[in-house]
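> Under the numbering used here, the first residue of the sequence shown carries the number 2, and numbering increases by one thereafter.
Glycine included, every Cβ here is placed at the ideal spot set by N, Cα and C.
Here the structure is a predicted model, which means the values were calculated and not measured.
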Amino acid sequence: MPRDPPRPRDAAGARRRIPRTDALLRDPRLSAAVDRLGAPRVKAAVRQAQERARAGGIPPEQVPQTALSLLPGTASGLHPVINATGVLLHTNLGRAPLSAAARDAVREAAGPTDVELDLTTGVRARRGRSALAALHERVPAAGAVHVVNNGAAALVLAATALAAGKEIVVSRGEMVEIGDGFRLPDLLVSTGARLREVGTTNRTTAADYAAVIGPDTGFVLKVHPSNFRITGFTRSAEVADLTGLGVPVVVDIGSGLLLPHPALPEEPDADSQLRAGAALVTASGDKLLGGPQCGLLLGREDLVHALARHPLARALRVDKLTLAALEATLTGPPTPTAFALGAGADGLRARAERLAATLAADGTDVRAVESAATVGGGGAPGVTLPSAALSLPEQYAAALRTGRVPVVGRLEAGRCLLDLRSVPPEDDDRLAEAVRSVGGGGGLAEAVRSAAGDGEGLAEAERPAAVGGAGPAEAVRSAAGGGGRHAGAVRSVGGGGGLAEAVRSAAGDGEGLAEAERPAAVGGAGPVEAVRPGVAEGERRPGRAMPGEGGGRHARDAGPAPARAEGRP
């Protein structure tokens with residue numbers, strides 16, 4: 002029940018009891034927070050708590066505890082998130098999560114290190130030598146290796162050092178946009194190179210390349226179309242077909258797969274491309290390798306040395322934290338990405354059923370369903386991985402995303418799916434607690450019940466609305482189209498606290514629901530990129546209920562649409 006407004010005399014007395022800022026900062030808990038987070042952040046939290054007390058929202062005695070509750074976990078504005086989208090390498094969520102070994106290495110390297118010092122001789126040493134040695138050992142076919150700050154930088158360095166003022170020969174079918182509006186042709190031309198396009202969008206042969214090779218050719222570029230697929234009447238030249246043209250062949254594999262992977266048979270890997278005759282391979286470190294953001298350069302020793310000594314290499318070099326994380330990724334235990342790729346469908350199903358049973362016992366409307374996960378991050382387009390998910394009412398999506406432990410899922414067929422292939426097993430308890438905190442205690446659960454309104458309990462609230470229809474699911478869904486429709490969404494579910502506040506918070510930036518909650522269009526990214534505003538309900542791809550879990554209304558076929566995975570920033 003809302004607190005009765007204080008009478009004027011009581012309100013004045015309460016305001017006088019609000020602790021002063023200097024007194025609050027002497028509280029040992031807040032004083033420790035100053036040492037950890039800095040005085041400005043703590044003072045801002047104290048002022049917010051004091052204002053709440055002045056407005057009568059909390060009693061004066063609760064100001065210290067309220068200020069503590071408003072403090073972030075760290076001095077960074079980034080928030081740890083549980084990725085339950087089913088996209089293993091979600092670009093918007095930072096791509097590959099680092100292994101425990103890599104995180105430990107980063108903490109150790111945060112202070113002074115011997116990154117460029119030989120402790121035995123006391124003289125300057127090659128920067129990141131142990132990380133480079135570990136990378137070289139993982140790719141035996143490489144004559145030498147180098148590391149820069151991201152995958153695009155690796156390609157820019159190669160173009161600048163090998164083809165400035167010359168031509169780069171590239172197929173028209175490989176002139177890709179790599180994400181966030183950045184296009185490969187623009188990137189390459191910015192280095193001073195000229196592009197010589199050959200072939201057509203769907204067919205390019207080795208003869209097309211050979212016909213344009215000349216004195217002005219810097220190198221032939223092969224780009225793996227890692228964020229789209231062309232099917233049908235197609236043809237492309239293999240690396241082995243191009244090695245006899247008398248110029249270096251540079252291959253941008255993008256996804257960072259160093260060796261072949263059984264789950265991704267069509268995804269190119271660095272070792273195989275080098276053995277096929279590529280002079281240089283470029284790739285990203287924060288994708289299938291499962292490491293930190295960085296760009297990998299592997300290939301002929303003379304070319305790699307020329308790139309490493311080019312003046313631009315100094316501007317693109319990585320810091321000690323990246324080197325530490327990369328080495329630990331290469332030499333340590335399997336990464337979270339490797340575990341997620343290798344997870345068995347039976348194990349994922351068992352996890353989903355166990356979590357669903359636990360949450361259902363608490364009164365949560367939840368079921369375990371089959372799902373289809375994807376690699377994401379511009380890797381393995383069109384490949385889906387069998388998975389399992391928790392299916393919750395759609396209204397959970399915004400509330401989970403804005404909770405104390407943010408959980409990002411995806412929307413399919415009017416339900417919020419939490420896909421477990423992208424959630425490490427050790428996070429299952431945190432995930433369950435996040436769901437409980439959203440749905441328990443009369444907040445969201447009561448809002449969903451009241452939204453049904455016709456005596457049928459949750460049944461009506463669960464049903465996906467038809468295109469252009471109404472109902473509580475459609476009301477919340479309409480918020481995905483833009484910032485102006487959130488109020489209607491709140492009214493449709495009764496405005497009862499938990500959900501209403503969650504939707505209000507989502508409206509705060511005027512951008513509607515998070516992209517990860519938007520429905521996927523047919524021919525779009527499937528469960529991955531959850532996508533663009535304005536997608537009709539009829540285009541959503543539903544999940545399938547697991548055998549014995551009673552999918553009912555939501556048990557339509559979930560065959561994957563042709564995937565357009567996320568772009569490669």
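Shortest alpha-carbon distance to Phe183 belongs to which of Tyr397, Ser172, Leu94, Val157?
Of the listed residues, the one whose Cα sits closest to Phe183 is Val157.
> From the DSSP output, in three-state form, read off Asp455 for me.
No answer about Asp455 holds up, because its pLDDT of 37 lies below 50 and its placement is not dependable.
> Please state whether DSSP places His147 in a helix, a strand or coil.
Correct three-state label for His147: strand.
> State buried or exposed for Leu349, treating a residue as buried only when at least 16 other CB atoms are found within 10 Å of its CB.
With 16 or more other Cβ atoms within 10 Å, it is buried.
> For Val170 and Leu196, I'd like the C-alpha separation in whole angstroms.
Taking the straight line from one Cα to the other gives about 6 Å.
> Going by C-alpha to C-alpha distance, which of Gly215, Ala54, Ala212, Lys167 sits closest to Gly193?
Checking every option, the nearest Cα to that of Gly193 belongs to Lys167.
> Exposed or buried, which one is Glu587 when buried takes at least 16 other CB atoms within 10 Å?
A query on residue 587 cannot be resolved here, the shown segment of the chain reaching from 2 to 570 and no further.
> Between Thr205 and Ala155, is the Cβ-Cβ spacing less than 8 Å?
Not a contact, by the Cβ cut-off of 8 Å.
> If you reduce the DSSP assignment to three classes, tell me which class Asp428 lands in.
Three-state result, Asp428: helix.
> Measuring CA to CA, which of Gly129, Pro20, Ala357, Val240 is closest to Gln51?
With distances taken between Cα atoms, Gln51 lies closest to Pro20.
> Using the beta-carbon count (16 or more within 10 Å), is His306 buried or exposed?
It counts as exposed.
> Helix, strand or coil for Thr206? Go by DSSP, reduced to three states.
Three-state result, Thr206: coil.
> For Ala279, collect the residues of the same chain with a Cβ closer than 6 Å to its Cβ; drop the 5 residues on either side in sequence, then sort them by chain order.
Answer for Ala279: Val240, Val250, Val252, listed in chain order.
> Are there three or more Cβ pairs, one per stretch, closer than 8 Å when the region 387 to 397 is compared with the region 312 to 331?
Cβ pair count under 8 Å is below three, so no.
> Using DSSP's beta-bridge definition, name the partner residues of Phe183.
Beta-bridge pairing links Phe183 to Gly180.
> Just curious, the beta strand (DSSP E) that Val171 is in, first and last residue?
Where Val171 is concerned, the enclosing beta strand (DSSP E) stretches over 168 to 172.
> Between Val149, Asp28, Val107, which lies nearest to Glu62 when the distance is taken from Cα to Cα?
Among Val149, Asp28, Val107, the Cα nearest to that of Glu62 is on Asp28.
> In terms of alpha-carbon separation, which member of Ala344, Leu324, Glu413, Ser70 lies closest to Ala132?
Here the closest residue by C-alpha is Leu324.
> Quick one: using the 10 Å Cβ neighbour count with 16 as the cut-off for buried, is Glu427 buried or exposed?
Classification of Glu427: exposed, given that the 10 Å Cβ count is below 16.
> Which whole-angstrom value describes the C-beta separation of Ile83 and Arg431, a residue pair presumed to lie in contact below a C-beta threshold of 8 Å?
With 8 Å as the limit, Ile83 and Arg431 qualify as a contact, their Cβ atoms being about 6 Å apart.
> Starting from the C-beta of Leu265, find all residues in its chain whose C-beta is less than 6 Å away, skip the five residues before and the five after it, and write them out in chain order.
The residues are Ala381.
> Locate the alpha helix (DSSP H) running through Phe340, then write down its first and last residues.
Taken as a continuous stretch (DSSP letters only), the alpha helix (DSSP H) holding Phe340 covers 337 to 343.
> Residue range of the alpha helix (DSSP H) that Lys321 falls in?
Its alpha helix (DSSP H) spans residues 321 to 332.
> Any idea if Thr235 is buried or exposed, counting beta-carbon neighbours within 10 angstroms, 16 or more meaning buried?
Exposed.
> At what residues does the alpha helix (DSSP H) containing Leu401 begin and finish?
That run of the alpha helix (DSSP H) goes 397 to 402.
> How is the beta strand (DSSP E) around Leu196 delimited, first residue to last?
Taken as a continuous stretch (DSSP letters only), the beta strand (DSSP E) holding Leu196 covers 195 to 199.
> Please classify Glu434: does DSSP put it in a helix, a strand, or coil?
Looking at Glu434 - three-state DSSP - the assignment turns out to be helix.
> Quick one: residues in its chain with C-beta nearer than 6 Å to the C-beta of Leu289, no 5 flanking neighbours on either side, listed in chain order?
Ser256, Gly257, Leu258, Gly380, listed in sequence order.
> Name the two residues that bound the continuous alpha helix (DSSP H) containing Leu133.
Taken as a continuous stretch (DSSP letters only), the alpha helix (DSSP H) holding Leu133 covers 130 to 139.
> How do the region 334 to 352 and the region 172 to 179 stand: do at least 3 beta-carbon pairs fall below 8 Å, yes or no?
Judged by Cβ distances under 8 Å, the region 334 to 352 makes no contact with the region 172 to 179, as fewer than three pairs qualify.
> Would you mind sorting Ala135 into buried or exposed? The rule is 16 or more other CB atoms within 10 Å of its CB.
The residue in question, Ala135, is buried, as its Cβ has 16 or more Cβ neighbours within 10 Å.
> Report the CB separation of Val1 from Ser392 in whole angstroms; it is logged as a contact under 8 Å.
Given that the chain is displayed from residue 2 to residue 570, the structure contains no residue 1 and the question cannot be resolved.
> Rounding to the nearest angstrom, what Cα-Cα distance links Gly247 and Gly144 in this structure?
Roughly 19 Å separates the two Cα atoms.
> Determine the burial state of His80: buried for a count of at least 16 other Cβ atoms within 10 Å of its Cβ, exposed for fewer.
Flag for His80 reads exposed.
> When DSSP labels each residue in this structure, what does Lys223 get in the three-state scheme?
Strand.
> Quick check on Thr235: does DSSP put it in helix, strand or coil?
The answer is coil: DSSP assigns Thr235 none of H, G, I, E or B.
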